[in-house]
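First up is the structure itself, then whatever we jot down about it.
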Amino acid sequence: MMKFYDCQPAPSPRRVRIFLKEKGIEIPTVQIDLGNKEQLGDAFKAINPDCTVPVLKLEDGTCLTEILAICHYIEVLHPEPCLLGRDAKEQALVLMWNAKIEQLGLLALAEMFRNKTKGMSSRALTGPIDFEQIPELVERGRVRAEAFMARLNEHLSSSDFIAGDQFTLADITALVMIDFAKWSKVMIQDDWLHLQRWYDQVCVRPSAGA
């Protein structure tokens, strides 16, 4: 039986939870207490030496420790509804936009959050090694995140969803990005009408509450 290692408040495993909810799949789940640094203990390091969630442990003991790898594995086993693209072009667009949202949005927000939060004074980066905060990165992260959200707003002026005409992993990643942005008071601006329209549309999906 597969096992999913999760942390309910954290943005990264939420992306997989939404993906699973869209597929109508339930997997036994283990909650990892990131606040109390359970991910840094020897027991979890044996599962994922990178000390991050999510992790999907397969029936044979193989541990998938990256979101895209987990979602790809699930998509192959359960191809409907399709969330990674229906043909070569769609798949390429989903992967492209998913990467852009991660690199230009989520990482910028993480840069903000982890470099300003008091409880992360020595945990400015995930992983087994402690890194001190760099306060100057907070404002840089905000500028990067807001610039990318403005770009998404423009992109959505001609597209119903992030990567085409149907809901995909790219929309899941963008939804989690927008909600994570609220942690640092980065909000959808009043004139980003296309991004707001898209956000309102995806928020009413049952999976958004995962």
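Mapping of the sequence shown onto numbering that gives the first Met the number 0: position 195 corresponds to residue 194, and the numbering continues sequentially without gaps.
In this text, a Cβ means the ideal position worked out from N, Cα and C, and glycines have one as well.
From a predicted model like this one, the values you see are computed outputs, not experimental measurements.
- Assignment of Lys2 by DSSP, reduced to helix, strand and coil, places it in the strand class.
- Rounded to whole angstroms, the separation of the alpha carbons of Ala123 and Gln132 is 5 Å.
- Secondary structure of Leu55 (DSSP, three-state): strand.
- Val185: not part of any beta strand (DSSP E); DSSP gives it neither H nor E.
- In this structure, DSSP gives Val203 a state outside helix and strand, which the three-state scheme calls coil.
- In terms of Cα proximity to Ser157, the closest of Phe18, Pro134 and Leu192 is Leu192.
- For Gln7, the three-state secondary structure derived from DSSP is coil.
- Per the DSSP secondary-structure output, Val29 pairs in a beta bridge with Tyr4.
- For Phe130, the CB contacts under 8 Å within the same chain, skipping 5 residues up- and downstream, are Ser121, Arg122, Ala123 and Leu124 in chain order.
- Gly104 sits in a helix when the DSSP states are folded into three classes.
- Met1 sits away from Gly104, with the two beta carbons spaced by 8 Å or more.
- The bridge partners DSSP lists for Gly163 are Phe160.
- Counting the other Cβ atoms within 10 Å of the Cβ of Trp197 gives 16 or more, which makes it buried.
- Here DSSP, grouped into helix, strand and coil, assigns Leu92 to helix.
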